[in-house]
Amino acid sequence: MRNEKIRWLTFDAMALAIIALLTLVPFLGFIPVGPLSITILHVPVLIFAYFGGIKRGWLYGLMFGIMSLIRCTFPPHGALDAYCINPLISVLPRVIFGFLAGLVFEYVKKIKNKTGRYATVLGSSIVLTFIHTMLFMSMLALIYFHQIEEAFENTFGVLLAGTIVSSSLPECAVAAILTPLVTFALTPLFNNIFQVKEIERR
Numbered sequence: 000m001r002n003e004k005i006r007w008l009t010f011d012a013m014a015l016a017i018i019a020l021l022t023l024v025p026f027l028g029f030i031p032v033g034p035l036s037i038t039i040l041h042v043p044v045l046i047f048a049y050f051g052g053i054k055r056g057w058l059y060g061l062m063f064g065i066m067s068l069i070r071c072t073f074p075p076h077g078a079l080d081a082y083c084i085n086p087l088i089s090v091l092p093r094v095i096f097g098f099l100a101g102l103v104f105e106y107v108k109k110i111k112n113k114t115g116r117y118a119t120v121l122g123s124s125i126v127l128t129f130i131h132t133m134l135f136m137s138m139l140a141l142i143y144f145h146q147i148e149e150a151f152e153n154t155f156g157v158l159l160a161g162t163i164v165s166s167s168l169p170e171c172a173v174a175a176i177l178t179p180l181v182t183f184a185l186t187p188l189f190n191n192i193f194q195v196k197e198i199e200r201r
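Residue numbers are given in numbering that gives the first Met the number 0: position 19 of the sequence shown equals residue 18, and the series is strictly consecutive.
Written out as structure tokens, the structure reads:
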């Protein structure tokens, strides 16, 4: 039991280190495009949530959120980054996203057919990434709708559509490619370290 706790602490520390690295290196984890920044931080959250499941998915989402909050304090900035200083914008949607990822992957991992599981991880990654965008934009609209309407001349609807096209679609594509590739590549190593037995049908 103690060894297992140490393994999970190490796993969590590795997750934090990767998310922090992607956050703090300019133009690596966040790329300013127009009023928003495209991010790839959702990908490590998806990957770690796949292995951590429902018990830890929220934790990786929290790491994502806190790092996003820190990221808003130094340049380069997207035009909407000033609103992300509010933890309800930068942190809460990411915690929910991580929790949902852990919940979904908890069941996806039970699919014994390897091809079917790969396809499900791919599809789930796309859907979860889109949900992440909608959670973020919903909180932004809920709290700062009028301020954004004034700042961007009554174009929040256009801003939302632009976000989906310029940010969400690329983020979904990156998640669809990387999440299943990395999770399936790391599964044998993870199972060996955590002594997980897995029976697969091809």
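We treat Cβ as the ideally placed atom computed from N, Cα and C, and that holds for glycine. Remember, predicted model here, so these are calculated numbers, not experimental data.
Quick one: residues in its chain with C-beta nearer than 6 Å to the C-beta of residue i, no 5 flanking neighbours on either side, listed in chain order?
i: Phe135; result: Pro92
i: Phe50; result: Phe189
If we ignore side chains and look at the alpha-carbon of each, how far apart do residue i and residue j end up?
i: Ile53; j: Gly101; result: 4 Å
i: Ala150; j: Tyr143; result: 10 Å
i: Thr9; j: Ala16; result: 10 Å
i: Ile192; j: Leu180; result: 19 Å
i: Leu61; j: Gly97; result: 7 Å
i: Gln194; j: Ser165; result: 42 Å
i: Val24; j: Leu158; result: 27 Å
i: Pro86; j: Arg6; result: 30 Å
i: Arg201; j: Leu141; result: Low confidence applies here, because Arg201 scores a pLDDT of 42, under 50, leaving its location unreliable; read the following figure in that light. Their Cα atoms are separated by approximately 46 Å.
i: Arg116; j: Ser167; result: 24 Å
i: Pro31; j: Ile163; result: 15 Å
i: Pro187; j: Ile84; result: 39 Å
i: Lys113; j: Leu185; result: 14 Å
i: Arg1; j: Gly56; result: 21 Å
i: Ala118; j: Lys109; result: 13 Å
i: Lys111; j: Asp11; result: 26 Å
i: Phe26; j: Val107; result: 32 Å
Residues in its own chain within less than 7 Å of residue i by CB, not counting five upstream and five downstream?
i: Arg70; result: Thr22, Phe29
i: Glu105; result: Gly52, Ile53
i: Thr182; result: Ile46, Tyr49, Val120
i: Met133; result: none
i: Ile198; result: Residue placement at Ile198 cannot be trusted, given a pLDDT of 46 that sits under 50; the coordinates are not used to answer.
Closest to residue i by CA distance: which of the options is it?
i: Val44; options: His131, Gln194, Asn191; result: His131
i: Met13; options: Leu27, Phe73, Phe47, Phe98; result: Phe47
i: Gln146; options: Leu79, Val107, Ala175; result: Leu79
Are residue i and residue j closer than 8 Å when you measure CB to CB?
i: Val103; j: Leu127; result: yes
i: Val42; j: Thr178; result: yes
i: Leu68; j: Ser36; result: no
i: Ala174; j: Ser124; result: yes
i: Leu139; j: Tyr59; result: no
What residues in its chain sit with their C-beta under 8 Å from that of residue i, if we drop five residues either side in the sequence?
i: Lys4; result: none
i: Ala160; result: none
i: Leu40; result: Ile18, Leu21, Thr22, Gly28, Phe29, Phe63, Met66, Ser67
i: Leu99; result: Gly56, Leu127, Ile130
Roughly how far, in whole angstroms, is the beta-carbon of residue i from the beta-carbon of residue j, given that I think they are within contact range, below 8 Å?
i: Thr72; j: Glu170; result: Actually they do not touch by this definition, with Cβ atoms about 22 Å apart.
Tell me whether residue i, by its Cβ, gets closer than 7 Å to a heavy atom of the ligand GDP.
i: Leu79; result: Ligands are entirely absent from the displayed structure, and the ligand GDP is therefore not among its contents.
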